[in-house]
Every structure is written in C-alpha cells, then in structure tokens.
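The block underneath contains the structure these notes are about, expressed in structure tokens.
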Amino acid sequence: MKNHFAFIILLAALFVTCSKDPEIKENKFVPGDLIVGIKADADLKTVLDVFNQLNFEIKQMQGFYYSINLPADSLSTLLNYLNSKPYINIPDAWKAYAFYVPSEKVIKICSGFFNMSKIAQYDLLNTIQQKHWIDRHEDYKYIFLKIPVGTERYWENELLKYPFIKWSELNVLSSVSID
Numbered sequence: 005m006k007n008h009f010a011f012i013i014l015l016a017a018l019f020v021t022c023s024k025d026p027e028i029k030e031n032k033f034v035p036g037d038l039i040v041g042i043k044a045d046a047d048l049k050t051v052l053d054v055f056n057q058l059n060f061e062i063k064q065m066q067g068f069y070y071s072i073n074l075p076a077d078s079l080s081t082l083l084n085y086l087n088s089k090p091y092i093n094i095p096d097a098w099k100a101y102a103f104y105v106p107s108e109k110v111i112k113i114c115s116g117f118f119n120m121s122k123i124a125q126y127d128l129l130n131t132i133q134q135k136h137w138i139d140r141h142e143d144y145k146y147i148f149l150k151i152p153v154g155t156e157r158y159w160e161n162e163l164l165k166y167p168f169i170k171w172s173e174l175n176v177l178s179s180v181s182i183d
C-alpha cells in the first residue's frame, strides 16, 4: 500500500514539473499604426511640429473641437466652408459636422481631420487663427499616426515622454469568431 501511495505522489509530482507553462499570446497589431491621446490643453501647433519633426504621417485627428462666435443662421455657410477642405470632406465617408449651441450662442465644430499633410496642417492652423476658432479643450483628443514599421513598440513608450501625450497604444487586431 505504501508503494502505491508513493507511486501516486511521484506521478503527481512528475505531472506538475513537466507541465508546460501557459502560453502567453501577444496581441497582433497593424504594422506602422500608432494611436495617441492628446491632452486637452495641448497646443495644436506644437503637437503637429513634433510629429512632423519625427516624420510621422498624421492619418486622422479626432476630438479637436472648436467654437466660433457666429449666429445660428451662419451654420449652413460654415458647413459649406468646412466641406471645401479636402482634409475634412472625404467623399463617401466623412463630411463636416457642426451645430449651434443656443445656451452658449456659438457654433461648435466637431469635424474630424484626415490625411493631414503639412499643407493641410498649415491650412487648418491658419483657419483656426483667421476665423477665430476657440479650442474647446475636449478631454478625448486623439491622433492616428503612421510610423516606420518595426518601431511601433518603441514609439508606443517613447511618445509618453512628451508632455502633451496622455496615452499611446498600438492598433491591435481583434480576433472575433463568429459561430
């Protein structure tokens, strides 16, 4: 009986020591994609200058909302103006979005900005200045960047050192199965 008990304990110990460590799966991500959160009070020109110096392509900017002191009847004219911008009006995908806020007596501009070349950045910054747009300092600004493939993890961490960056993450691929 003692031999059977010792054999069972030995067998159990063998299974414990020989068992494989659980496999840790790393999430797959889109090569060259990085998404960064921008602090609400960040200066847009500074943000754009840094990304330009790093030679990152700015694919999309969201949450950069502005107010403009115009009456409600100016809304359609403003929307037409915004839709004339190729970085706002993306045919069959995106159009300018703005609405009148009666309690503030302003028009709030909530458009996204896409494919922000240096020319588009310059135009946007000039528009903000010349049209007297007021930054709403929204708390959920983010920028979708294209960066050199193979440097994603480095820049995910490195960009957190910049004072205007709130968070940084890879464009993780989701594995959804449909049964």
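Residues 5 to 183 (my numbering) are what the sequence shown spells out, left to right. Beta carbons are placed, not taken as given, at the ideal position from N, Cα and C, and that holds for glycine.
Which runs of the alpha helix (DSSP H) spanning at least 4 residues fall entirely within the region 61 to 148, listed in chain order?
Runs found: 79 to 87, 122 to 134.
Would you give the residue range spanned by the alpha helix (DSSP H) that Asp53 belongs to?
48 to 57 is the span of the alpha helix (DSSP H), which, as asked, contains Asp53.
Please name the residue, chosen from Asp37, Val34, Gly41, Asn31, that lies closest to Ile169 on a Cα-to-Cα basis.
It is Gly41.
Provide the residue span of the beta strand (DSSP E) that contains Asn175, from first to last.
Element bounds for Asn175: 169 to 176.
In the DSSP assignment, find the alpha helix (DSSP H) that holds Tyr158 and state where it starts and stops.
156 to 162 is the extent of the alpha helix (DSSP H) around Tyr158.
Going by beta carbon distance, what residues of the same chain come within less than 7 Å of Glu173, once the five residues before and after it are set aside?
Closer than 7 Å at Cβ, skipping near neighbours: Ile39, Glu160.
Which residue or residues does DSSP assign as beta-bridge partners of Lys150?
Looking at the DSSP assignment, Lys150 forms a beta bridge with Asp37, Glu61.
Is it the case that the region 73 to 88 contacts the region 140 to 153, given that we only count it when at least three CB pairs across the two stretches are under 8 Å?
As far as the Cβ criterion goes, the region 140 to 153 does not touch the region 73 to 88, which means the pair count is below three.
With a 10 Å radius around its C-beta and 16 neighbouring C-beta atoms as the bar for buried, classify Val105 as buried or exposed.
So Val105 ends up on the exposed side.
Relative to the C-alpha of Val110, which residue among Tyr69, Val34, Asn31 is closest?
For the residues Tyr69, Val34, Asn31, the minimum Cα distance to Val110 belongs to Tyr69.
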